[in-house]
Amino acid sequence: MNEIIESRTNLALGNDELKAPEAENSEIGGTMPDNTDNTGQEENNIEAPKVSLEKKIIEKAAAENGGQENAEAENYELENNELENNGLENSDPETDEAETLPESENDLVNTEDVNLNESAENVPEKVKPLSNEEVTEHTSALWKYNPISEDEPEPFPEYLTAFKQYPKSTVIGARVRGKKHKHEGTNCDDWFETANFEDITFVAVSDGAGSKKFSRVGARASCKAAVGYLVNAFEELYAENSGFREDLKLGLSDGKCMEACRVIAQKARNSVAKAYEAVETAFYMRKTDSAYEKVLGRSLKINDFSGTLLIAVIIPTGEAKENLVISCQIGDGAIAVLDTKGGYENSLKLMGVPDGGDFSGETEFLTSPKTRTEESLKSRTKIAVTSADMLFVMTDGVADDYFPNETEMRRLYLDLLINGILGENEFSELTQEQMKLFKRIPDPLVYPWVNDKSVKVPVQYTKRITEALGLTLEEIFTDRTAAYLAGLEIKYDEELSQEERLKIWLDNYVERGSFDDRTLVVVSI
Amino acid sequence: MSDFSRRLPVYLLLDCSGSMMGEPIEAVKQGIKALLSELRGDPQALETAYLSVITFDSSARQVTPLTELLQFKEPEISAGGATALGEALNVLMDCVETEVRKSTETQKGDWRPLVFILTDGSPTDTETFREAVAKVRNMKAANIIACAAGSNANTTYLKQITESVLMMNSLSAGDMAQFFAWVSGSVKTSSKSLDAKPGGNIELPPPPQGFVIVP
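Protein chains in written order, with this note's numbering: chain A, 769 to 1293; chain B, 138 to 352.
Printed below as a string of C-alpha cells:
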C-alpha cells in the first residue's frame, strides 16, 4: 500500500557512470519507516532520453548513436575568434542547416546592428537591443554537454521521472540536470519523492544549494525522510483516531475540524524536522569518508548538505472534488494549487512564500538553525481547503521562469497543456475560424538538445502565442482555443508517457538566464 | 509579466590619465578585446552579463552604457590628463541608479553589479573623492574590486572604496592581460554563482600570480 517512488532513466540504469549509488538504501535505512516497501520502483515506463527525444525530432538527424554524444558536443565548441569573426551569424554548419525559425526572427537579427568587430566611426550611438530569443538562439550552440566527473562520490542520475496513480490523485514528476551543470560536468542538485497512504498524497521536493558540492546528498536524504515519515505518521494517525477524516468534513469553521488540521499541520512540520535529522545522519555517515574530503579539499561540514525543502500533503475531505492541502516550504521554489476549470481570478493560490523577498536571494536552507525553530516552521506551514484540481511543487529552476508566481503559475499550466504534457487536445478538425487563428500562431521554437545537438526539440510558449495574438494571460487562460491550436504543432509518439513528455519539456524549454536544475511535480486531484 | 531577464551588470572604471599613455593604454584596449572575446564564448556570461565602461582622466564619463555582450563595441579611449577618480565614482553611482533594474512586484531586479576599478595613480580630485567614497560605501549596491597598477598607484585611497584591493606590479602588457583575464574569470564565476547567493558577496577566483591582495 505504501509506496516510495523512485524512478530512474535507462541512462542511469544502463550506464555505470551515471548509475545511482547503491549506498542510498543503506543511508536511509535508519530513517525510513519499516513498512515502507522500497521495491515498488518505477522503471518500466522510462526510456533513455535520446530514444524518446528522437520521437520529437522534426528534422531528421544524421544517423549516429548515443556513444558519440560527447564527440558531437565538442564539435559545437565555438572557437572564440570564430565567434568574433562571425558575430551573431551562426558559424556552425549543422545549426545553420537547422534554421527553422520563423522568418520574422531572421529579419530581426540584423547583422549590421550587431556586428561585433567592426568599429566604424559613424556608428550610431543607439543600437536596437537584442531580444532574449536572439541571444538564446546564439547561446544554444555554445552550451556544452559534459557527463558527471567520475571522481565524484555519489553521482546522481541524469534524470528522474515518476508516474503514480494513487486512489484519488495522479502524480507526474520529472527532474532534469540544468544546463549549467551539463556545461560544467557537475551533478544535478535537485531531488523529489512522492508517496501515498491510502488516498492521501505526499510530495517532497528539494534543491541542494548551488554553492555546495554535495548538497545533492542532503536534498535526497531530506526528501526521502520527509515522505517516509509522513506515510508512517498518517498510518499511526488512522490507528489512533479513525474519526479524524470525518472531522475534516466539518469545514474550517468547526472546532473539531480545526483540531484535526492542527494535528495534520504538526505532522507536516515534524516531517521537516525528520528531514533535517536524515541530513544530519547522512552527514555523520560521510564525515570521515576521505572521498568527500578529497573533492572539497577540507573536511565535510553539515552546511555542505544545504538545500531547500518543499512539502505538500493532499487529503480528500470527502466532499466532491474538495481537498485539504497542507504545505511547508523552506527556501525558494514554489507550491501552487490551481483550479484549471474555474474562473481566472480565483484559480490560483500559492501555498508558500519563498524566503528572501526584497533581499532577492539569501535563501534559507533546511540546515540553517533559525529556519527549523517551531515559530519559523509555523509561519511556513500553510493550510487550504480547495476545490482546485491541480497542485504544482517545483524548485526555483522552474519557479523563477514563471515570475511573478502569483499570476504566472497559470502560464505554467498553459505551457504544459500546449506542449502536450497535460490534457488531451480537443481539436481534430478545425473550423474555418480556428484555421485562421491557427495560421497566426507562431511556429514552435526549435533549439538543439544540449545533450546531443543533432536532436532538435520544438517547444511552444504561451508567452509567444499571447504576444502574437495580442491576448492577455487571462484571455488565453479563459478561452483556451489558441492554446489547443498551438498544441497541434507539438507532436509526440502516442506511446510516450506523460512523465517522459514532462521530462523532455523541462530539459528543453529555453529562457534566457535560466540554466538551473529543474524539478516539477504535478498532482492532478 | 515582464520580458526582462535578470542581468549581471559589470562596470569597468578605467584610468586614462596621462601616466597611462603609450603601452599601458594600448594594453588596456587589448585587455578589453580579450575580455569580450573570452566572455562571448561563455553561454552563461552571454545570457546574463552586461558591460559598461567608464573612463576618467581630468574628468569622468561613461563611454559605453550598460550593453549586451553581443552588441558591445570597444570604446575609443586615449590617455591624457589628471586622475578624477572621485568624479568617476559619482558617474558610476549615477549609472547604477539609472541603469540597474530594481526588483518590483512584477519584475525581478538585476543582480548586484560587479565593478572593477583600474588605476595607476591616486585621485587628483581629493575633495570629490572623499564625498563620493562616503556615498559609495553607504550604497553597498555593488561588489567593487579595485586594482592598483604599478608602483605609483596608491592603495590607501582604493582601500577607502572597497575591501577588495589588488595590486599588480607593473603596467606591462603582460600584467594588464592577466588582469583582464582575471576580470573575465570573475564575471564568469559570478554569472555562475548567481543562483547560489544572489545579492550576497561573490567568491571571485584567486588573483593571477604576481598580484597581491592588499590587506
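Don't be surprised by glycine CBs; every beta carbon is placed ideally from N, CA and C. The structure displayed is predicted, hence computed values, not measured ones.
Where A/Gly-1281 meets chain B, residues with beta-carbon distance less than 7 Å
The answer, in chain order, is Ser-142, Arg-143, Glu-184, Thr-185.
A/Gly-1075 - partner residues in DSSP beta bridges
In the DSSP assignment, the residues bridged to A/Gly-1075 are A/Gly-976.
Between A/Leu-1077 and A/Ser-1155, what straight-line distance do the alpha-carbon atoms span, to the nearest angstrom?
Roughly 25 Å separates the two Cα atoms.
Could you check if B/Phe-209 is buried or exposed, using at least 16 other CB atoms within 10 Å of its CB as the buried criterion?
Residue environment: B/Phe-209 is assigned as buried (16 or more neighbouring CB atoms within 10 Å of its CB, all protein chains considered).
Excluding five sequence neighbours on each side, which residues of the same chain lie with their C-beta closer than 8 Å to the C-beta of A/Asp-1107?
Excluding sequence neighbours, A/Asp-1107 sits near Asn-1114, Ser-1115, Leu-1116, Thr-1154, Ser-1155, Ala-1156, Asp-1157, Met-1158.
Find the nearest neighbour of A/Ala-1251 within the set A/Leu-1264, A/Thr-1240, A/Ile-1233, judged by alpha-carbon distance.
Comparing Cα-Cα distances from A/Ala-1251 to each of A/Leu-1264, A/Thr-1240, A/Ile-1233, the minimum goes to A/Ile-1233.
Please name the residues in the region 221-251 of chain B whose beta-carbon is closer than 7 Å to at least one beta-carbon of chain A, in chain order.
Result list: Ser-240, Glu-242, Thr-243, Lys-245, Gly-246.
My understanding is that B/Leu-206 touches B/Leu-173, with C-beta atoms under 8 Å, so please give their C-beta distance in whole angstroms.
Contact between B/Leu-206 and B/Leu-173 holds, with the beta-carbon distance rounding to 7 Å and staying under 8 Å.
Mind checking who A/Glu-1174 pairs with in its DSSP beta bridge?
Bridge partners of A/Glu-1174: none, in fact.
So, are the CB atoms of B/Asn-227 and B/Leu-251 less than 8 Å apart?
In this structure, B/Leu-251 does not lie closer than 8 Å to B/Asn-227 by Cβ.
So, A/Leu-1288 versus A/Ala-994, is the Cβ gap smaller than 8 Å?
Result no, Cβ atoms of A/Leu-1288 and A/Ala-994 do not sit closer than 8 Å.
Does DSSP put B/Gly-322 in a helix, a strand or coil?
Correct three-state label for B/Gly-322: helix.
Between A/Gln-1266 and A/Ile-940, which are expected to be in contact by the criterion C-beta below 8 Å, what is the C-beta distance as a whole number of angstroms?
Right, the Cβ-Cβ distance comes to about 5 Å (below 8 Å), so this counts as a contact.
In chain B, what lies closer than 8 Å to A/Trp-911 by C-beta?
Under the 8 Å cutoff, chain B gives Pro-180.
Helix, strand or coil: how does DSSP classify A/Ala-1080 here?
A/Ala-1080 carries a strand assignment under DSSP once its states are collapsed to helix, strand and coil.
Can you list, in chain order, the stretches of the beta strand (DSSP E) that have 3 or more residues and sit fully within the region 885-948 of chain A?
Runs found: 927-934, 937-944.
Pull up the distance between the alpha-carbon of A/Arg-1148 and that of A/Gly-946, whole angstroms please.
Cα to Cα, A/Arg-1148 sits roughly 27 Å from A/Gly-946.
I need the boundaries of the alpha helix (DSSP H) containing A/Ser-1292, first residue and last residue.
Annotation: A/Ser-1292 is outside any alpha helix (DSSP H); the continuous beta strand (DSSP E) that includes it extends over 1286-1292.
Within its chain, find whatever has a CB closer than 6 Å to the CB of B/Asn-291; leave out the 5 residues flanking it on each side and keep chain order.
Around B/Asn-291: Ser-259.
Can you have a look at B/Gln-199 and say buried or exposed, based on whether 16 or more other CB atoms are within 10 angstroms of its CB?
Burial of B/Gln-199 is indicated by the presence of at least 16 other C-beta atoms within 10 angstroms of its C-beta.
Against A/Val-895, what residues of chain C qualify as contacts under a CB-to-CB distance less than 7 Å, listed in chain order?
Given the protein chain composition of this structure (A and B), no chain C is represented.
Sub-8 Å separation of A/Ser-979 and A/Ala-987 beta-carbons
Cβ distance not < 8 Å, so A/Ser-979 and A/Ala-987 don't count as in contact.
Using the rule of at least 16 other Cβ atoms within 10 Å of the residue's Cβ for burial, across every protein chain shown, is A/Leu-1020 buried or exposed?
Taking all protein chains shown into account, A/Leu-1020 has fewer than 16 neighbouring C-beta atoms within 10 Å of its C-beta and is therefore exposed.
Establish whether the CB of B/Met-138 and some CB of chain A are separated by less than 8 Å.
For B/Met-138, the predicted model reports a pLDDT of 37, less than 50, meaning its position is unreliable and no value from the coordinates is stated.
Please confirm whether A/His-949 has its beta-carbon closer than 8 Å to some beta-carbon of chain B.
Cβ-Cβ to chain B under 8 Å: no for A/His-949.
Counting only C-beta atoms, is A/Phe-960 closer than 8 Å to chain B at any point?
At a cut-off of 8 Å, the C-beta of A/Phe-960 has no neighbouring C-beta in chain B.
Measure the Cβ-Cβ separation of A/Gln-957 and A/Asp-1285 and say whether it is below 8 Å.
Inspection of the sequence shows that residue 957 of chain A is occupied by Asp rather than by Gln. Yes, these two residues count as a Cβ contact at 8 Å.
Is the beta carbon of B/Leu-145 less than 8 Å from the beta carbon of B/Ala-171?
Against a cut-off of 8 Å, the Cβ pair of B/Ala-171 and B/Leu-145 comes out as no contact.
Give a yes or no on whether 8 Å exceeds the smallest Cβ distance from A/Phe-1195 to chain B.
So no, A/Phe-1195 is outside the interface.
Identify every residue that forms a DSSP beta bridge with A/Trp-959.
Paired residue(s): A/Ser-974.
Can you name the residues of chain B whose CB is closer than 7 Å to the CB of A/Pro-1172?
The contacting residues are Glu-242, Thr-243.
Kindly give me the distance between the Cβ atoms of B/Phe-193 and B/Ala-225, rounded to whole angstroms, as I take these residues to be in contact under 8 Å.
The distance from the Cβ of B/Phe-193 to that of B/Ala-225 is about 4 Å, consistent with a contact at the 8 Å cut-off.
Assigned exposure category for A/Met-1119 - 16 Cβ within 10 Å defines buried
Classified as buried, A/Met-1119 has 16 or more neighbouring CB atoms from the shown chains inside 10 Å of its CB.
Helix, strand or coil at A/Glu-1262 [DSSP, three-state]
A/Glu-1262: coil per DSSP, three-state reduction.
Between the Cα of A/Asp-1220 and those of A/Trp-911, A/Asn-900, A/Val-903, spot the shortest distance and give me the residue it belongs to.
Here the closest residue by C-alpha is A/Trp-911.
CB-CB length for A/Gly-1188 against A/Arg-1269, believed under 8 Å:
The distance from the Cβ of A/Gly-1188 to that of A/Arg-1269 is about 6 Å, consistent with a contact at the 8 Å cut-off.
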